[in-house]
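K.L.:
With the working numbering as the guide, the letters of the sequence shown map in order to residues 349 to 661. Virtual Cβ for every residue (Gly too), placed ideally from N, Cα, C. This one's a predicted model, so the numbers in the text were calculated from it and none came from an experiment.
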Amino acid sequence: MTINRRNFLISGAAAAVTAGSFARSGLAQEKNRTRLILLGTKGGPRVGEAGRSNPSTLLLINDVPYLVDCGYGASKQLLTLGVALNRLRYIFITHHHSDHNLEVGPLVYNAWITGLPIKIDVFGPVGLQRMERAFFAYEKFDIDTRIVDEGREDPRKLVTIHEFSQPGLVMRNDAVKITSRRVRHPPITQSYAYRFDAKDRSVVISGDTAYAPELAQFARGADVLVHEVMYLPGVEALLKRLPNAKRLREHLMAAHTLPEDVGRIAAQAGVKTLVLSHFVPGDDATITDEQWAEGVRKHFDGRIIVGRDLLEI
Ligand SMILES: [Zn+2]
Ligand SMILES: [Zn+2]
Numbered sequence: 349m350t351i352n353r354r355n356f357l358i359s360g361a362a363a364a365v366t367a368g369s370f371a372r373s374g375l376a377q378e379k380n381r382t383r384l385i386l387l388g389t390k391g392g393p394r395v396g397e398a399g400r401s402n403p404s405t406l407l408l409i410n411d412v413p414y415l416v417d418c419g420y421g422a423s424k425q426l427l428t429l430g431v432a433l434n435r436l437r438y439i440f441i442t443h444h445h446s447d448h449n450l451e452v453g454p455l456v457y458n459a460w461i462t463g464l465p466i467k468i469d470v471f472g473p474v475g476l477q478r479m480e481r482a483f484f485a486y487e488k489f490d491i492d493t494r495i496v497d498e499g500r501e502d503p504r505k506l507v508t509i510h511e512f513s514q515p516g517l518v519m520r521n522d523a524v525k526i527t528s529r530r531v532r533h534p535p536i537t538q539s540y541a542y543r544f545d546a547k548d549r550s551v552v553i554s555g556d557t558a559y560a561p562e563l564a565q566f567a568r569g570a571d572v573l574v575h576e577v578m579y580l581p582g583v584e585a586l587l588k589r590l591p592n593a594k595r596l597r598e599h600l601m602a603a604h605t606l607p608e609d610v611g612r613i614a615a616q617a618g619v620k621t622l623v624l625s626h627f628v629p630g631d632d633a634t635i636t637d638e639q640w641a642e643g644v645r646k647h648f649d650g651r652i653i654v655g656r657d658l659l660e661i
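Right, dumping it as structure tokens:
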């Protein structure tokens, strides 16, 4: 069988730019469907130098934002997309590595300071409550000053934290059912994937994970699987420059998924579309989209999308 690569691979900076402008102009028009937009696609805590922002993924379901992870830059990426921060309603954290949660507090703050009353529900593994309290303590002087001086509401009353330590139903409303499944991200045990079942579309977001067949089961039949990916030659090149290379290599190998295994998971799950995101390394511009995808394609013959910031799927 001859496979026309273009049918399986949507890639390139042009696609991302087009998607970004489309997303901006399309926001008002497409209120009644589920839209998926990658805000940040660079794995790891370092702030990227080569165009990828830290992890964050947005679903707009009936025009209501559901944000999965808040790496550094999430506020800015939402604004670039044209989503006003005071529209923020639901945030989901996959695990407590900082590339996934660094901006939770600042994002809630930014939503509050944007000006209109907000109600934000934040869901995630244990530790979230402590983190939110610590953030409000960190900005206590500013917040207390603005409440008195500018007549603002108390943001601490507008945010509800929902912690969990077991997988299962996370939340459900008329538009969507959201469930979680634990994944493999040692040494962290509280690391989760999320599944969004909306009326028109089902989307699974892997979070950070090593090869995990139970994730394939969780994603069974979904329309879209957004999966993290690690490219070994790129990692080896990166490690050459680091003093803690041996230790870091061990962590990366135990905690993330190589392209071939991402392909296996997508094939086992039987998803229609696989989106690669959370790239490790995420700021090596010499790695081509084809290099990211070729290992995946050995095992998965569905549609493969090599993610870019602000790309809509
Ligand atoms: Zn990560
Ligand atoms: Zn992680």
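Where the beta carbon is closer than 6 Å to any heavy atom of ligand 2, which residues qualify, in chain order?
P.N.:
Here the list is H443, H445, H533, D556.
K.L.:
What residues match up with L624 in a beta bridge as DSSP calls it?
P.N.:
Position 276 of the sequence shown, counted from the first residue, corresponds to residue 624. Note: L624 sits in a beta bridge opposite H575, V654.
K.L.:
Check whether the Cβ atoms of F483 and G453 lie closer than 7 Å to each other.
P.N.:
For the purposes of this step, residue 483 is taken as residue 135 along the sequence shown, with counting starting at 1. For the purposes of this step, residue 453 is taken as residue 105 along the sequence shown, with counting starting at 1. Against a cut-off of 7 Å, the Cβ pair of G453 and F483 comes out as a contact.
K.L.:
Are R381 and P413 closer than 7 Å when you measure CB to CB?
P.N.:
Position 33 of the sequence shown, counting from 1, holds the residue named residue 381. Position 65 of the sequence shown, counting from 1, holds the residue named residue 413. Cβ distance not < 7 Å, so R381 and P413 don't count as in contact.
K.L.:
Mind checking whether the beta-carbon of D447 lies closer than 6 Å to any heavy atom of ligand 1?
P.N.:
Numbered from its first residue, the sequence shown carries residue 447 at position 99. True, at least one ligand heavy atom lies under 6 Å from that Cβ.
K.L.:
Using C-beta distances below 7 Å, list every residue in its chain close to K646, excluding the 5 sequence neighbours before and after it, in chain order.
P.N.:
As a position in the sequence shown, residue 646 is number 298, starting the count at 1. Within the same chain, K646 has close Cβ partners E608, G611.
K.L.:
Look at the alpha carbon of S373 and the alpha carbon of G392, and state the distance between them as a whole number of angstroms.
P.N.:
For the purposes of this step, residue 373 is identified with residue 25 of the sequence shown, where counting begins at 1. For the purposes of this step, residue 392 is identified with residue 44 of the sequence shown, where counting begins at 1. Here the model assigns S373 a pLDDT of 47, short of 50, so the residue's position is not dependable, and the following value carries that caveat. Straight-line Cα distance between these residues: approximately 31 Å.
K.L.:
Check whether the Cβ of G430 lies closer than 6 Å to any heavy atom of ligand 1, and answer yes or no.
P.N.:
Counting from 1 along the sequence shown, the entry for residue 430 is found at position 82. The answer is no for G430.
K.L.:
Whose CA, out of L517, R437, M601, A593, lies closest to the CA of H533?
P.N.:
Taking the first residue of the sequence shown as 1, we reach residue 533 at position 185. Nearest C-alpha to H533: M601.
K.L.:
Enumerate, from N- to C-terminal direction, the unbroken alpha helix (DSSP H) stretches of 4 or more residues contained entirely within the region 476-532.
P.N.:
DSSP runs (the alpha helix (DSSP H)) wholly in the region 476-532: 476-486, 488-498.
K.L.:
Which of the three DSSP states is assigned to I450 in this structure?
P.N.:
Working through the sequence shown from its first residue, we reach residue 450 at position 102. It should be pointed out that residue 450 corresponds to Leu in this sequence rather than to Ile. Coil at L450, not helix or strand.
K.L.:
Please determine if the region 583-602 and the region 544-552 are in contact, where contact requires at least 3 C-beta pairs separated by less than 8 Å.
P.N.:
Taking 8 Å as the limit for Cβ pairs, the verdict is that the region 544-552 does not touch the region 583-602.
K.L.:
Hey, is the region 569-581 in contact with the region 626-643, meaning 3+ C-beta pairs nearer than 8 Å?
P.N.:
With the cut-off at 8 Å, the region 569-581 and the region 626-643 touch.
K.L.:
Tell me whether S513 is buried or exposed, calling it buried when 16 or more other Cβ atoms sit within 10 Å of its Cβ.
P.N.:
Walking along the sequence shown from the start, residue 513 turns up at place 165. Under this definition S513 is an exposed residue.
K.L.:
Thinking V531 and S554 are a contact (beta carbons under 8 Å), I'd like their distance in whole angstroms, please.
P.N.:
On the sequence shown, position 183 is the one that residue 531 refers to. On the sequence shown, position 206 is the one that residue 554 refers to. With 8 Å as the limit, V531 and S554 qualify as a contact, their Cβ atoms being about 7 Å apart.
K.L.:
If you draw a straight line from the C-alpha of V644 to the C-alpha of I495, how long is it?
P.N.:
Sequence index remark: in the sequence shown, residue 644 carries index 296 (1-based). Sequence index remark: in the sequence shown, residue 495 carries index 147 (1-based). Distance between the alpha carbons of V644 and I495 is about 52 Å.
K.L.:
Taking 7 Å as the cut-off, decide whether the C-beta atoms of L622 and L573 are in contact.
P.N.:
Here residue 622 refers to the residue found at position 274 of the sequence shown. Here residue 573 refers to the residue found at position 225 of the sequence shown. In this structure, L573 lies closer than 7 Å to L622 by Cβ.
K.L.:
DSSP three-state call for S316: helix, strand or coil?
P.N.:
There is simply no residue 316 to check, as the chain begins at 349 and stops at 661 in what is shown.
K.L.:
Determine which residues share a DSSP beta bridge with T636 and list them.
P.N.:
Numbered from 1 along the sequence shown, position 288 holds the residue referred to as residue 636. According to DSSP, which records beta bridges pairwise, T636 is partnered with nothing at all.
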